[in-house]
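*Asks:* Have a look at this one before I ask anything.
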Amino acid sequence: MFTNQDIMELRKKTGAGVADCKKALTECNGDMEKAVDFLREKGIATAAKKASRIAAEGVVLAKVEGKTGALVEVNCETDFVAKGSQYLDFVAGVAEYVVNNDVQTIEELVAAKNEETVNATAKIGEKIAIRRFAKYTASNGLIESYIHMGGKVGVLVEVEGCDCPIAKELAHDVALQIAAAKPLYLVADEVPADVVEHEKEILLAQIKNDPKLASKPEMVINKMVEGKINKYYDENCLLRQAFVKDPSLTIEKLVKDCGVKMGKEISIKRFTRFEMGEGLEKRNDDFAAEVEAQMKK
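The sequence shown begins at 77 in my numbering and counts up by one.
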């Protein structure tokens, strides 16, 4: 039904004890996602975001030219290679290609760079994989990027309404915020209804499993849930987050104050945050054999 490795993975995701993880997997017939919810409902795992395993190596890199910016993630197999000049030159070439070409999908990008990818794989001796990208072009504003920890985290953000130095400084602060605070959405309206309902179900189950709370009137319980949902928005929606440099300000207030200072209406239009390797696990493929097979083709 499940293995010791599954237990350890669930423990890593939730911080719960081995015995609790084993019980959760047993109750949920080995379903990892249901087991996470089971632990959260019992109050054993309290994290609102499920941390994905980050096992792949590589870098996230950004390139901005004028009004256009790109953010790319390219994976390799070892941290040693990820720091090498040949690999970094290849990644820089991918970012430059995205900025200067009309590429819409990751499939198009992979196909366009296929020959170079095969050659890089052969030279470097590890599998190189272009995983994902984001590309923004600002029509009335500017694009800002930020790379943290040598390519472990990358951010691309578009500010609309102005491209002056004050707006540039704002965009930089917002990019730092996104890197540090990990927002999932720009505003609360972007949060999918099913995500909100799922959070409510978890919260209601937590209350039900707490004897001190379960006996409270329904109106009180509903207000508690509403308060928790608002906290979820505050933590996960960029404009509602507290500014990391000054927690007395929200990002929404920071943007408004900046607009007042310039006498213009400005806004954060969109953003992308990549964390290198999120959701990936290291593979045990024989990469040398794979490279040889590709070269024969």
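Quick reminder that beta carbons are idealized off the backbone N, C-alpha and C, glycines included.
Using the C-alpha atoms, what's the distance from K304 back to A138?
*Replies:* So the alpha carbons of these two residues sit roughly 36 angstroms apart.
*Asks:* How should V170 be labelled, buried or exposed, when 16 other C-beta atoms within 10 angstroms of its C-beta is the threshold for buried?
*Replies:* Answer is buried; the Cβ neighbour count reaches 16.
*Asks:* To which residues does DSSP link F350 through a beta bridge?
*Replies:* Paired residues: G230.
*Asks:* Should I182 be labelled buried (16 or more other beta-carbon atoms within 10 Å of its own) or exposed?
*Replies:* Classification for I182: exposed.
*Asks:* Considering only the alpha carbon of each residue, which of G339, D249, L115 lies closest to T326?
*Replies:* Nearest option by C-alpha distance: D249.
*Asks:* On a Cα-Cα basis, can you pick out the residue from E184, Q180, V150, E245 that is closest to A168?
*Replies:* Cα-wise, what sits closest to A168 is V150.
*Asks:* Identify the residues that DSSP records as bridge partners of D322: which are they?
*Replies:* Beta-bridge pairing links D322 to F319.
*Asks:* My understanding is that E202 touches G217, with C-beta atoms under 8 angstroms, so please give their C-beta distance in whole angstroms.
*Replies:* Their Cβ separation, rounded to whole angstroms, is 39 angstroms, which puts E202 and G217 out of contact at 8 angstroms.
*Asks:* With distance defined between alpha-carbon atoms, name the residue in V148, L185, Y173 nearest to G230.
*Replies:* The candidate whose alpha carbon is nearest that of G230 is V148.
*Asks:* Taking 7 angstroms as the threshold (C-beta atoms), are A290 and K284 in contact?
*Replies:* Contact flag set, yes.
*Asks:* Any contact between the segment 101-113 and the segment 192-206? By contact I mean 3 or more CB pairs, one from each, below 8 angstroms.
*Replies:* At 8 angstroms Cβ cutoff, the stretches do not touch.
*Asks:* Taking the straight line between their C-alpha atoms, what separation do you get for K244 and K332?
*Replies:* Distance between the alpha carbons of K244 and K332: 15 angstroms.
*Asks:* Mapping DSSP to helix, strand and coil, what is C63?
*Replies:* Because the chain spans 77 through 373 in this model, residue 63 falls outside it and cannot be assessed.
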